[in-house]
Amino acid sequence: MNQASSPIRTAAHVRPRVSYRPADTARALLQASGTLALFDFGAAATSDDPRWLHVPLHAPGAQPAPLELWQVDAAVEYGREGDVQWSCGGGWLFAALTIDERDHGGPQPAAEHAYTQLCAFLETRPQRHVQRLWNYLAQINEGEGDAERYKQFCAGRLQGMRDFFQQGFPAATAIGHRSDTPLLQVYCLAAAEPGERVENPRQMSAWRYPRQYGPTPPSFARAMRLQGDTSLAISGTASITGHASQHHGDLEAQLTETLTNLRTLLRHSALPECFGQNDPLKIYVRHAEDAEAVEDFLQRHVPDAPHLLLLGDVCRRELLVEIDGWRFA
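Whatever position you read off the sequence shown (first residue = 1), add 14 for my numbering.
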């Protein structure tokens with residue numbers, strides 16, 4: 015186990031900070047006090063520091079994507095346990111696994127293995143209450159019917175969870191990457207105290223989706239109100255009302271519907287229906303040629319919110335874009 019530099023201030027009730035930083039500052043950020051996790055997207059640099067996670071998603075343009083930084087006002091410990099890389103500080107925990115599907119026989123057994131490992135690790139930790147999960151898997155839409163890779167992933171995820179989330183699912187994102195290596199990446203933010211699950215009145219709860227979306231419905235809440243706070247960790251949100259996708263083939267209309275869902279979620283949580291300079295958003299766009307139109311939409315509708323635009327496949331083939339992020343109160 016290693017320990018970063020001396021503590022700033024230990025306060026378990028203080029939320030982590032999430033920001034986007036230039037890619038060339040990576041190693042300096044790892045030396046900073048309170049660095050809980052650092053994510054790079056498509057960059058060539060690597061590190062064996064357990065707080066560093068390389069995510070196999072890329073920016074749609076020629077410029078490298080910014081880094082994503084999680085910080086806490088506390089000393090940070092970090093290490094590895096089996097397949098899990100982890101760090102913790104101030105009552106918060108980052109944990110991640112990167113699994114090669116070829117070692118497990120496909121997306122379903124790989125997801126079961128990943129979630130079995132993750133839940134077993136979390137059961138040993140005081141910060142066992144998962145607030146937010148991210149899932150990135152290769153070629154998410156490949157396959158037909160129940161053989162679609164996303165549906166297989168959903169089945170394996172639920173099998174691996176077993177009864178760990180019997181009190182309710184956390185917020186989550188699932189996005190497809192296009193790496194030649196069939197990697198499954200799962201990571202989470204967990205806390206010493208439980209958060210509060212939030213649903214969107216415009217959308218059916220994901221775990222109640224009808225059979226047409228697969229034998230195992232997705233296992234996530236629309237958002238999580240962070241423990242000891244009114245801030246929201248927001249799940250991947252797309253152009254869906256009820257359980258049905260809307261505006262097939264129309265990027266602008268899908269973005270507008272998605273933003274309506276996000277604002278409804280904020281209103282339902284008694285928060286102002288806006289995203290400001292402290293509320294980072296992550297946008298996943300299916301087609302690189304749509305990136306300019308997405309950037310234009312963001313400048314018109316959420317100009318103050320920091321954002322990170324990544325090329326990724328949404329779990330439904332007809333959906334062109336998905337947005338997740340944070341609303342810090």
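Every residue, glycine too, gets a C-beta built ideally from N, C-alpha and C.
Taking the beta strand (DSSP E) that residue i belongs to, which residues open and close that run?
i: residue 149; result: 143-152
i: residue 173; result: Careful: residue 173 lies outside any beta strand (DSSP E), inside the alpha helix (DSSP H) at 163-175.
i: residue 285; result: Unbroken run through residue 285: none, as it is neither H nor E.
i: residue 67; result: 66-69
i: residue 35; result: 31-35
What's the C-alpha gap between residue i and residue j?
i: residue 222; j: residue 254; result: 14 Å
i: residue 256; j: residue 214; result: 10 Å
i: residue 113; j: residue 47; result: 29 Å
i: residue 159; j: residue 172; result: 19 Å
i: residue 283; j: residue 117; result: 42 Å
i: residue 218; j: residue 229; result: 17 Å
i: residue 289; j: residue 340; result: 9 Å
i: residue 205; j: residue 243; result: 12 Å
i: residue 98; j: residue 278; result: 36 Å
i: residue 135; j: residue 264; result: 43 Å
i: residue 123; j: residue 115; result: 8 Å
i: residue 94; j: residue 291; result: 34 Å
i: residue 328; j: residue 155; result: 8 Å
i: residue 78; j: residue 324; result: 10 Å
i: residue 309; j: residue 33; result: 18 Å
i: residue 65; j: residue 52; result: 6 Å
i: residue 111; j: residue 315; result: 35 Å
i: residue 185; j: residue 276; result: 14 Å
Assign residue i to one of three DSSP states: helix, strand, or coil.
i: residue 201; result: strand
i: residue 212; result: strand
i: residue 334; result: coil
i: residue 160; result: helix
i: residue 85; result: strand
i: residue 295; result: strand
i: residue 54; result: strand
i: residue 110; result: strand
i: residue 324; result: strand
i: residue 227; result: helix
i: residue 268; result: helix
i: residue 76; result: coil
i: residue 302; result: helix
Per DSSP, which one or two residues make a beta bridge with residue i?
i: residue 279; result: The partner list for residue 279 (beta bridge, DSSP) is empty, contrary to what the question assumes.
i: residue 238; result: 211 and 247
i: residue 93; result: 100
i: residue 45; result: BP columns for residue 45 are empty, so no partner.
i: residue 182; result: Per DSSP, none; premise fails for residue 182.
i: residue 191; result: 152
Please list the terminal residues of the continuous alpha helix (DSSP H) segment that includes residue i.
i: residue 129; result: 121-137
i: residue 308; result: 305-315
Next on the checklist: Under 8 Å, with one C-beta from each stretch per pair, do the stretch 165-179 and the stretch 83-100 reach the 3-pair mark?
Outcome noted: Contact between the stretch 165-179 and the stretch 83-100 is absent, because fewer than three Cβ pairs lie under 8 Å.
Checklist entry - Between the stretch 117-130 and the stretch 311-320, do at least 3 Cβ pairs fall closer than 8 Å? => result Taking a cut-off of 8 Å on C-beta distances, the stretch 117-130 does not touch the stretch 311-320, as fewer than three cross pairs fall below it.
Checklist entry - Taking contact to mean at least 3 C-beta pairs separated by less than 8 Å, is the stretch 239-254 in contact with the stretch 268-278? => result Contact between the stretch 239-254 and the stretch 268-278 is present, because at least three Cβ pairs lie under 8 Å.
Checklist entry - Three or more beta-carbon pairs under 8 Å between the stretch 63-80 and the stretch 296-309, yes or no? => result The stretch 63-80 vs the stretch 296-309: in contact.
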